[in-house]
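To start, the structure itself, in structure tokens.
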């Protein structure tokens, strides 16, 4: 779990696309095995969105989260999502997500890859 009051900047925006950069301090609480710890971290991300059609968009994100006291310990996450709106509140999503952790939990690998299909509901 992370709490990150970060700042964001809109790099550019067109009728169909936008690119943003975000960054700032974070407080991270994690549990690895039976050990719980909290630490200060640094967060940075680049996010892009592009409208492929009237109801379909492509969203990409690349983020970096590092311990503030040890920049050799970090997590890099990338995500690519295609979302198609079925209605104003309902959409189909296909998400590919990759995470790389330099300090993974015991008996865990450094790299995780996920492919998720979802039905999203907006309230």
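Numbering (the numbering used here), first residue to last: 569 to 691.
Backbone N, C-alpha and C define an ideal beta-carbon position, used for all residues, glycine too.
What does the Cβ neighbour count give for residue i, buried or exposed, with the cut at 16 atoms within 10 Å?
| i | result |
| --- | --- |
| residue 684 | exposed |
| residue 611 | buried |
| residue 673 | exposed |
| residue 662 | exposed |
| residue 676 | exposed |
| residue 609 | buried |
| residue 579 | exposed |
| residue 633 | buried |
Report the option in the options whose CA atom is closest to the CA atom of residue i.
| i | options | result |
| --- | --- | --- |
| residue 648 | 580, 689, 682, 606 | 682 |
| residue 590 | 608, 616, 583, 597 | 616 |
| residue 667 | 579, 609, 644, 598 | 644 |
| residue 584 | 621, 574, 642, 597 | 621 |
| residue 656 | 588, 636, 623 | 623 |
| residue 646 | 614, 598, 582 | 614 |
| residue 600 | 671, 633, 625 | 671 |
| residue 527 | 596, 575, 581, 690 | With the chain running from 569 to 691 in the structure shown, residue 527 is simply not present. |
| residue 687 | 665, 678, 651 | 651 |
How is the beta strand (DSSP E) around residue i delimited, first residue to last?
| i | result |
| --- | --- |
| residue 574 | No beta strand (DSSP E) holds residue 574; DSSP gives it neither H nor E. |
| residue 666 | 658–669 |
| residue 687 | 679–689 |
Does any residue of chain D have a CB that is nearer than 8 Å to the CB of residue i?
| i | result |
| --- | --- |
| residue 639 | Of the protein chains in this structure there is only one, and it is not chain D. |
**OP:** Would you mind listing the alpha helix (DSSP H) stretches within the stretch 587–644 that are 4+ residues and don't spill past its ends, in chain order?
**Re:** none
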